[in-house]
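First to last, the sequence lines map onto chains A and B. For what it's worth, my numbering labels the leading residue of the first sequence as 76, then goes sequentially. For what it's worth, my numbering labels the leading residue of the second sequence as 76, then goes sequentially. Glycine included, C-beta positions come from ideal geometry on N, C-alpha and C. What follows is a short report on a single structure.
There are 2 protein chains.
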Amino acid sequence: MKIKTRQRYEARAKIAKALAHPSRLMILDALQQQELCVCELTELVGSDQSTVSKHLAVLKNTGLVEDRKEGSMSVYHNTCQCLDGFFGCMESVLKANFKTQAKLVASL
Amino acid sequence: MKIKTRQRYEARAKIAKALAHPSRLMILDALQQQELCVCELTELVGSDQSTVSKHLAVLKNTGLVEDRKEGSMSVYHNTCQCLDGFFGCMESVLKANFKTQAKLVASL
DNA sequence: TGGCTATATGGCAATTATACCATGTATCCG
DNA sequence: CGGATACATGGTATAATTGCCATATAGCCA
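If you want it as structure tokens, here you go:
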């Protein structure tokens, strides 16, 4: 049971790890709106095409996105609708941190 | 504006990075129920005390937990209530992945 | 004070992540 | 066919993460 629990946390951590890069978050955010091909995502992110391709491989391997061949292009889309919850929580943490900072500044 | 956006994604990634370790997820999960001191968390996680202390420092630095001195102990608690959303989303991704696997297996 | 318990931190070795270049593969078009 | 476009992958250098040991710091208590 203890082992099962640990494996569960490792599985979750793998997902969190996939989210733990600004470029990948940017990609997921963009794919929330519409599906996009690699070249569009490459332009969006502003890194080398091979770099973006590897980021996409990470997301795909984690099950966060899927791809579809359309001619010579690969079109990616998000698999889950729950990312808004992720982002919302992140924002609330950031907001809370900001308030904490503000209090510190105000107390000077 | 583009810069601001990038910084926003970097800030989010920092949070995701803090979540991207099984031990830290375990800690956060435990702290959802009740506040706990370092020695309790150390026993829970099963790593060296210094290791757990560093994990807690990461979580604290990210604003995900806060600590309180109680005698010679440090008692930690979560700062945000939204982690359930995180975990729920993770679980739904895992479940979706499992279904995908099941389909693959069934098609053999 | 001296020793014990509870945490935090510095240091270091090993693992992992990241980015870009070069190159491979596949599709499309003339 | 041959060239161009769109992606993916191997190689590799650099940076970041992780874990434990040793050690520092601080509160507690006799």
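- Item | Same chain only: Cβ atoms within 7 Å of N172(B), ignoring 5 sequence neighbours per side | For the purposes of this step, residue 172(B) is identified with residue 97 of the second sequence, where counting begins at 1. Here the set comprises nothing.
- Message: Taking its Cβ as the centre, do 16 or more other Cβ atoms sit within 10 Å of A95(B), making it buried, or is it exposed?
- Response: For the purposes of this step, residue 95(B) is taken as the residue at position 20 of the second sequence. A95(B) should be labelled buried.
- Query: Roughly how far, in whole angstroms, is the beta-carbon of E141(B) from the beta-carbon of T154(B), given that I think they are within contact range, below 8 Å?
  - Reply: Numbered from its first residue, the second sequence carries residue 141(B) at position 66. Numbered from its first residue, the second sequence carries residue 154(B) at position 79. Between T154(B) and E141(B) the Cβ distance is about 5 Å, and since that is below 8 Å, they are a contact.
- Would M48(B) count as contacting chain A if we go by Cβ distances under 9 Å? An answer regarding residue 48(B) cannot be provided, because it is not within the stretch 76 to 183 covered by chain B.
- Message: Please confirm whether S98(B) has its beta-carbon closer than 9 Å to some beta-carbon of chain A.
- Response: Position 23 of the second sequence, counting from 1, holds the residue named residue 98(B). Yes, contact with chain A.
- Following the continuous beta strand (DSSP E) through D142(A), name the residue where it begins and the one where it ends. Translated into the one-based positions of the first sequence, residue 142(A) becomes position 67. Per DSSP, D142(A) belongs to the beta strand (DSSP E) from 140 to 145.
- Which residue or residues does DSSP assign as beta-bridge partners of L111(A)? Locating residue 111(A) in the first sequence gives position 36, counting from the first residue. Answer is Y151(A), bridged to L111(A).
- Task: Report all residues from its chain with a CB closer than 7 Å to the CB of H152(B); omit the five preceding and five following residues, and keep chain order.
- Result: Here residue 152(B) corresponds to residue number 77 of the second sequence, with the count starting at 1. Excluding residues within five positions, the ones whose Cβ falls inside 7 Å are L106, E110, V140, E141.
- Message: Please tell me whether, using a cut-off of 8 Å, the distance from the CB of G163(A) to the nearest non-hydrogen atom of the ligand NAD is below it.
- Response: In terms of ligand content, the structure shown is empty, and the ligand NAD therefore cannot be addressed.
- How would you list, in chain order, the residues of chain A whose beta-carbon sits under 8 Å from the beta-carbon of R143(B)? Counted from its first residue, the second sequence places residue 143(B) at position 68. Those within 8 Å of R143(B) in chain A number zero; the least Cβ separation is about 15 Å.
- Query: Cα separation between L134(B) and R99(B)?
  - Reply: As a position in the second sequence, residue 134(B) is number 59, starting the count at 1. As a position in the second sequence, residue 99(B) is number 24, starting the count at 1. When rounded, the distance between both Cα atoms is 8 Å.
- Task: Mind checking which residues open and close the alpha helix (DSSP H) that includes H130(B)?
- Result: Taking the first residue of the second sequence as position 1, residue 130(B) is located at position 55. From DSSP, the alpha helix (DSSP H) with H130(B) extends over 124 to 137.
- Query: Between the region 162 to 181 of chain A and the region 116 to 134 of chain B, are three or more C-beta pairs nearer than 8 Å?
  - Reply: no
- Which residues of chain B have a Cβ atom closer than 7 Å to the Cβ of M148(A), listed in chain order? For this step, residue 148(A) is matched to residue 73 along the first sequence. Chain B residues near M148(A): none, gap ~23 Å exceeds 7 Å.
- If we count the other Cβ atoms within 10 Å of its Cβ and call it buried at 16 or more, is T80(B) buried or exposed? Sequence index remark: in the second sequence, residue 80(B) carries index 5 (1-based). It is exposed - the Cβ of T80(B) has fewer than 16 other Cβ atoms within 10 Å.
- Query: List, in order along the chain, the chain B residues whose C-beta lies closer than 9 Å to that of A171(A)?
  - Reply: Locating residue 171(A) in the first sequence gives position 96, counting from the first residue. Result: G138, T154, C155.
- In the DSSP assignment, find the unbroken alpha helix (DSSP H) run with Q176(A) in it and report its ends. In the first sequence, counting from the first residue as 1, residue 176(A) sits at position 101. That run of the alpha helix (DSSP H) goes 158 to 181.
- Who are the neighbours of A86(B) on chain A, taking C-beta pairs under 7 Å? In the second sequence, residue 86(B) corresponds to position 11, counting from 1. Those within 7 Å of A86(B) in chain A are L169.
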